[in-house]
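Undergrad: Residues 32 to 394 in my numbering are what the sequence shown lists, from first letter to last. Pasting in a structure now, in structure tokens, and then I'll have a few things to ask.
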Amino acid sequence: MKAVLFHQHGGPEVLQYTDFPTPEPKPGEALIRLHAAALNRMDVMVRNGWPGLKLELPHINGADGAGEIVALTPPLPAGEGQGVRANAEEIRGLEIGELGVGDHVVINANLGCGTCEFCLAGKDNLCRDWHLLGETIRGTYAEYVSVPLRQLYKLPDDFDYHRAAAAALVYQTAWHSLVKRGNLQEGETVLIVGAGGGVNTASAQIAKLIGAQVVVVGSDAKKLELAESIGADILIDRSKEADWSRAVFLATNKRGVDVVVDNVGTTFMLSLRALRKGGRLLTVGNSGGPKFEIDNRYIFAKHLSILGSTMSTLAEFKEVMDFIVQGKLQPIMDKTYPLQDAADAQERLWRNENFGKITLDIG
Ligand SMILES: [Zn+2]
């Protein structure tokens, strides 16, 4: 198959568009012919590498992908040997067999082991042997990928692969954070720090779906205009308001917001100031870097909660993908590149030039 891979960590120049062996589906896995992959900032971080990251090189980036099932191997009955490849008719009737060859699917990159206490309790994002597709396992910048059947969501045949791939990681991440961890309620006010990222736009849409009021702090007028177009109620331009916590305070009648979505990290102090007493700060990432200072007095004196999470459970993924397929949540699409131009696509993402999701077209 054709794939974009790298043999050593480094800048965009380490990415090579080349031939690589097509994976074989293990028992309980489906082989997907990918048609679209979507980019996440994590892709670039993995390509750059970090201390302690252990990969089997060459590595293939990419957590998000959508395509068609071309082969599957049934799960092993307990205690038996090799799984056997089955066609669509044979696989139906198996417990896990709602999926068959020819089905259009989108992948959930959140790979739990399926057997630990947390996976068995349906909390697979707390798995003791957790992996993320494209991070420690070869990902979706390729014509084919093989993943466990439980990771797949069946798409309507006419649903656009690019929209599905663009939605998968960011919407489940935003859904778990806002709805499950943050318990966001109708009528509450949520502040989103940053206007352009995929999780931020997904968070804004989910908050509106729940019936919350949305405040967005963005880096320039153009990104804020786009935030407004997806329903943001109050817009704050941080190029004009360096201390935007004060602007949020004033915009909420000196009350503060109920919830902040802060995936920057280095902005935590401003976010803590913008919260009302008893408010919740949600975080799923650290685009501004991993280390920063917090004044602890704000946390206890204001009764604040800081809630972290990453990805979602398999059940929540299906919940939120239903809204995507129904059109109630619509991923914001930025730009599409051919697979072989993945390096250019990553550069656009890393320079924050995008609004919404960048995808790769895999033919
Ligand atoms: Zn597990």
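Idealized CB from N, CA, C, for every residue including glycine. Predicted model, so just to flag it, every value in this text is computed and none were measured.
Grouping DSSP H, G and I as helix and E and B as strand, with all else coil, what is residue 321?
TA: In this structure, residue 321 counts as coil in the three-state DSSP scheme.
Undergrad: From the DSSP output, in three-state form, read off residue 355 for me.
TA: helix
Undergrad: Just how far apart, CA to CA, sit residue 195 and residue 328?
TA: 43 Å
Undergrad: So, using beta-carbon positions, are residue 186 and residue 351 closer together than 8 Å?
TA: no
Undergrad: Go ahead and label residue 325 buried or exposed: buried means 16 or more other beta carbons lie within 10 angstroms of its beta carbon, across all protein chains shown.
TA: exposed
Undergrad: From the DSSP output, in three-state form, read off residue 173 for me.
TA: strand
Undergrad: Please list the terminal residues of the continuous alpha helix (DSSP H) segment that includes residue 76.
TA: 72-79
Undergrad: Below 8 Å on the Cβ atoms is my guess for residue 370 versus residue 33; work out the distance and round it to an integer in Å.
TA: 7 Å
Undergrad: Mind the definition here: the region 230-237 touches the region 258-265 only if three or more C-beta pairs lie below 8 Å; say whether that holds.
TA: yes
Undergrad: Can you tell which of 64, 49, 76, 54 has the C-alpha that lies nearest to the C-alpha of residue 40?
TA: 76
Undergrad: In chain order, which alpha helix (DSSP H) runs of at least 4 residues are fully inside the region 224-278?
TA: 229-241, 252-260
Undergrad: Skipping 5 residues on each side, what residues in its chain have a beta carbon closer than 8 Å to that of residue 274?
TA: Cβ neighbours of residue 274 beyond the five flanking positions: 301.
Undergrad: Can we count residue 194 as close to ligand 1, meaning its CB is less than 7 Å from some heavy atom?
TA: no
Undergrad: Using 8 Å as the threshold, is the C-beta distance between residue 95 and residue 135 below it?
TA: no
Undergrad: Can residue 209 and residue 288 be called in contact, C-beta distance under 8 Å?
TA: no
Undergrad: Which residue comes first and which comes last in the alpha helix (DSSP H) that contains residue 34?
TA: Run containing residue 34: none in the alpha helix (DSSP H); it sits in the beta strand (DSSP E), 33-36.
Undergrad: Starting from residue 379 and walking both ways along the alpha helix (DSSP H), at which residues does that stretch end?
TA: 373-381
Undergrad: Taking C-alpha atoms, which residue in 72, 137, 315, 181 lies nearest to residue 377?
TA: 72
Undergrad: Given a threshold of 16 other Cβ atoms within 10 Å of its Cβ, counted over all protein chains shown, does residue 112 qualify as buried or as exposed?
TA: Below a pLDDT of 50, predicted positions are generally treated as unreliable, and residue 112, at 45, falls in that range; the measurement from the model is reported next regardless. That one is exposed.
Undergrad: Rounded to whole angstroms, what is the Cα-Cα separation between residue 400 and residue 368?
TA: Since the first and last residues shown for the chain are 32 and 394, residue 400 lies out of range.
Undergrad: Taking the straight line between their C-alpha atoms, what separation do you get for residue 279 and residue 250?
TA: 15 Å
Undergrad: Which stretch, first to last residue, makes up the alpha helix (DSSP H) that contains residue 334?
TA: That residue, residue 334, is in no alpha helix (DSSP H); it is neither H nor E in DSSP.
Undergrad: Let me check you understand the geometry: is the CB of residue 143 closer than 7 Å to at least one non-hydrogen atom of ligand 1?
TA: yes
Undergrad: If we call anything under 8 Å between Cβ atoms a contact, is residue 313 one with residue 290?
TA: yes
Undergrad: Under 7 Å: does the beta carbon of residue 399 sit that close to some heavy atom of ligand 1?
TA: With the chain running from 32 to 394 in the structure shown, residue 399 is simply not present.
Undergrad: Please list the terminal residues of the continuous beta strand (DSSP E) segment that includes residue 181.
TA: Counting along the chain, residue 181 falls outside any beta strand (DSSP E), and DSSP gives it neither H nor E.
Undergrad: In three-state terms, what does DSSP make of residue 221?
TA: In the structure shown, residue 221 adopts extended strand secondary structure according to DSSP, grouped into three states.
Undergrad: Going by DSSP, what residue range makes up the alpha helix (DSSP H) through residue 201?
TA: 192-206
Undergrad: Would you check if the distance between the CB atom of residue 59 and the CB atom of residue 104 is smaller than 8 Å?
TA: Remark: C-beta atoms of residue 59 and residue 104 approach each other more closely than 8 Å.
Undergrad: Please determine, among 212, 226, 272, the residue with the shortest C-alpha to C-alpha distance to residue 256.
TA: Comparing C-alpha distances from residue 256 to each of 212, 226, 272 shows the shortest one belongs to 226.
Undergrad: Taking Cβ positions, are residue 56 and residue 97 nearer each other than 8 Å?
TA: no
Undergrad: Report the three-state DSSP secondary structure of residue 210 (helix, strand or coil).
TA: helix
Undergrad: How about residue 157 and residue 140: do their beta carbons lie closer than 8 Å?
TA: no
Undergrad: Taking only heavy atoms of ligand 1 into account, decide whether any of them is closer than 7 Å to the Cβ of residue 160.
TA: yes
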